[in-house]
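Numbering (my numbering), first residue to last: 1 to 408. Everything on this sheet refers to the single structure shown next.
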Ligand SMILES: *Cc1c(COP(=O)(O)O)cnc(C)c1O
């Protein structure tokens, strides 16, 4: 008799988000004339830049020619892209990496979800609260947790609250942990970690023989020159950190798909006999066994992001989004909200007024001003009383949404 993977039955179906999308659909059906402005989206709105489109057209033509056809490529990605990554994302910031420490893929969601496979099931994981749900759910599926606790959390996971009191960068966990997920610039709070804060985490991981899984999907949004873009800017991180990067938010690739993971050869995990085992070959083995490479067209497009034209055009789009974020910050601050994020990240995190719950405030925004925002509680209990507003939108829509907030 075929048995189900019981761990999947523990999954709590995303706690609040399915309920939120039901409420939006119900409202849109009931009030079809309402011009709803969606500020909940975690997806880009601007088209791919001309340099990328041009590179894709060229790549498609190559695929259509008998002599120039690209079949299966290297599972780890083409060297033309891996070298461009090394030179532009790392060497330029004083970080030396080897080409075989870069693994190109079709997304950071998959990479951050899959990476846990190379670590033992007995490891304890630590995540921030609020958190990007992928880190949690993939560990639930693997069986690294207990049952759901009813508030969207799971037994056996160490949750590290991120609040205004700690500038949304967590304190060290109270119990020993082995795998630490950190995401900076942060989704959903829009916070960044300073060099000093990241250094403390790297030292902590070194002292406790833990590994940091560092999600840097939003690094291009950093405007403050003092904030590290890569965890490898921190001395010692090569021994304890794996970094995830994606072209999704940096160059609008959410529908095209291309990302990469950095696994330095110095990162080790320990065998039962205490022997240190480098994890780079394990990830390479996993990647080659279960993945056949990102498409040539996507990789050609990604390489074009690093061309002079690609860089300049992508920069303009980031600036458009960040101007939206500035508009949101300025307007809501003037209206008396407590506002966080939106300076080095495309998300603004606001506290509701008068202690209103996230879910109730969601309804107020939807019904009274026809604006959709994301309730902070959906990302974890420490998000209760907060809302996430996304800067991925057309500037005129953002301005109109802010006028509507003023009318509340
Ligand atoms: C959008 C996002 C990613 C990128 O995911 P892709 O699969 O590369 O599109 C990764 N991490 C976080 C936290 C994100 O918000």
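Cβ atoms here follow ideal geometry from the backbone N, Cα and C, with glycine treated the same way.
Span separating the alpha-carbon of residue 88 from that of residue 22: Numbered from its first residue, the chain shown carries residue 88 at position 88. Numbered from its first residue, the chain shown carries residue 22 at position 22. Cα to Cα, the separation comes out at about 43 angstroms.
Please tell me whether residue 280 and residue 265 are closer than 9 angstroms, where the distance is taken between their beta carbons. The residue labelled residue 280 in the question sits at position 280 within the chain shown. The residue labelled residue 265 in the question sits at position 265 within the chain shown. Yes, the Cβ-Cβ distance between residue 280 and residue 265 is below 9 angstroms.
Please confirm whether any heavy atom of ligand 1 lies closer than 8 angstroms to the CB of residue 215. As a first step, residue 215 must be located in the chain shown, where it is residue number 215. Checking every heavy atom of ligand 1 against the Cβ of residue 215, one is found closer than 8 angstroms.
Rounded to whole angstroms, what's the CA-CA distance from residue 99 to residue 360? Just pull it up for me. Translated into positions along the chain shown, residue 99 becomes position 99. Translated into positions along the chain shown, residue 360 becomes position 360. Distance between the alpha carbons of residue 99 and residue 360 is about 50 angstroms.
Do you know how far the Cα of residue 33 is from the Cα of residue 244? As a first step, residue 244 is located in the chain shown; it is residue number 244 there, counting from the start. As a first step, residue 33 is located in the chain shown; it is residue number 33 there, counting from the start. Going by the C-alpha atoms only, they are around 42 angstroms apart.
Considering residue 147, what are the terminal residues of the alpha helix (DSSP H) in which it resides? Counting from one through the chain shown, the residue named residue 147 turns up at place 147. Per DSSP, residue 147 belongs to no alpha helix (DSSP H) and is neither H nor E.
Relative to ligand 1, is the shortest distance from any of its heavy atoms to the C-beta of residue 314 smaller than 8 angstroms? One-based indexing of the chain shown puts residue 314 at position 314. Incorrect: residue 314 has no Cβ contact closer than 8 angstroms to ligand 1.
Taking three-plus beta-carbon pairs below 8 angstroms as touching, is the region 164–175 in contact with the region 137–153? no
Among the candidates 221, 241, 298, whose CA atom is the shortest distance from the CA of residue 322? Your numbering for residue 322 matches position 322 in the chain shown. Nearest option by C-alpha distance: 221.
How would you write the range of the beta strand (DSSP E) that residue 243 sits in, first residue to last? Counted from its first residue, the chain shown places residue 243 at position 243. Per DSSP, residue 243 belongs to the beta strand (DSSP E) from 241–246.
For a test of the three-state rule: what should DSSP assign to residue 388, helix, strand or coil? Against the chain shown, residue 388 aligns to sequence position 388. The answer is strand: DSSP assigns residue 388 an E or B state.
Would you say residue 167 and residue 205 are within 9 angstroms of each other, going by their C-beta atoms? Locating residue 167 in the chain shown gives position 167, counting from the first residue. Locating residue 205 in the chain shown gives position 205, counting from the first residue. No; because the gap between Cβ atoms is not below 9 angstroms, this pair is not in contact.
For a test of the three-state rule: what should DSSP assign to residue 45, helix, strand or coil? As a position in the chain shown, residue 45 is number 45, starting the count at 1. DSSP places residue 45 in coil when its eight states are reduced to three.
Touching by the beta-carbon criterion (3+ pairs, under 8 angstroms), the region 178–193 and the region 335–355: yes
Helix, strand or coil, according to DSSP, for residue 375 in the structure here? One-based indexing of the chain shown puts residue 375 at position 375. Strand.
Straight-line Cα distance separating residue 148 from residue 10: As a first step, residue 10 must be located in the chain shown, where it is residue number 10. As a first step, residue 148 must be located in the chain shown, where it is residue number 148. Cα to Cα, residue 10 sits roughly 6 angstroms from residue 148.
Check whether the Cβ of residue 353 sits closer than 8 angstroms to any heavy atom of ligand 1, and report yes or no. As a working note, residue 353 is residue 353 in the chain shown. Checking every heavy atom of ligand 1 against the Cβ of residue 353, none is found closer than 8 angstroms.
If you count every other CB in all the chains shown that lies within 10 Å of the CB of residue 31, and 16 or more means buried, which is it? For the purposes of this step, residue 31 is taken as residue 31 along the chain shown, with counting starting at 1. Counting Cβ neighbours within 10 Å, residue 31 comes out exposed, since fewer than 16 surround it.
Please report the straight-line C-alpha distance between residue 17 and residue 377, rounded to a whole angstrom. Numbered from its first residue, the chain shown carries residue 17 at position 17. Numbered from its first residue, the chain shown carries residue 377 at position 377. Their Cα atoms are separated by approximately 9 angstroms.
In this structure, how does DSSP classify residue 203 when only helix, strand and coil are distinguished? Start at 1 with the first residue of the chain shown, and residue 203 comes out as number 203. Looking at residue 203 - three-state DSSP - the assignment turns out to be helix.
Candidates 101, 105, 156: closest to residue 121 by CA position: For the purposes of this step, residue 121 is taken as the residue at position 121 of the chain shown. That would be 156, whose Cα lies nearest to the Cα of residue 121.
Count the other C-beta atoms from every protein chain shown that fall within 10 angstroms of the C-beta of residue 164, then say buried if there are 16 or more, exposed otherwise. Translated into the one-based positions of the chain shown, residue 164 becomes position 164. Under this definition residue 164 is an exposed residue.
3-residue-minimum beta strand (DSSP E) runs that sit fully inside the region 72–141, ordered along the chain: 102–105, 125–129
If you reduce the DSSP assignment to three classes, tell me which class residue 352 lands in. To locate residue 352, count along the chain shown from 1; it is residue 352. Residue 352 falls in the coil class under three-state DSSP.
Please classify residue 170: is it buried, with 16 or more other beta-carbons within 10 angstroms of its beta-carbon, or exposed? Taking the first residue of the chain shown as 1, we reach residue 170 at position 170. With 16 or more other Cβ atoms within 10 Å, it is buried.
Cβ contact (3+ pairs, closer than 8 angstroms) linking the region 327–334 and the region 398–408: yes
Under the three-state DSSP convention, the category residue 322 falls into: Locating residue 322 in the chain shown gives position 322, where the first residue counts as 1. Residue 322: helix per DSSP, three-state reduction.
Residue burial classification, residue 2 (beta-carbon count within 10 angstroms, cutoff 16): Walking along the chain shown from the start, residue 2 turns up at place 2. Its Cβ having fewer than 16 others within 10 Å, residue 2 is exposed.
Neighbour-count burial assignment, residue 82, 16 or more Cβ in a 10 Å radius: Mapped onto the chain shown, residue 82 falls at position 82. Classification of residue 82: buried, given that the 10 Å Cβ count is 16 or more.
Taking the alpha-carbon of residue 8 as reference, which of 136, 76, 61, 131 has the nearest alpha-carbon? Looking up residue 8 in the chain shown gives position 8. Minimum Cα distance to residue 8 is reached at 136.
Nearest-angstrom Cα distance between residue 293 and residue 248? The residue given as residue 293 occupies position 293 in the chain shown. The residue given as residue 248 occupies position 248 in the chain shown. Roughly 17 angstroms between the two C-alpha positions.
Could you check whether the region 369–389 touches the region 36–53, counting it as contact only if at least three pairs of C-beta atoms, one from each stretch, sit closer than 8 angstroms? yes
Kindly indicate which three-state DSSP category residue 362 falls into: helix, strand or coil? Mapped onto the chain shown, residue 362 falls at position 362. DSSP places residue 362 in helix when its eight states are reduced to three.
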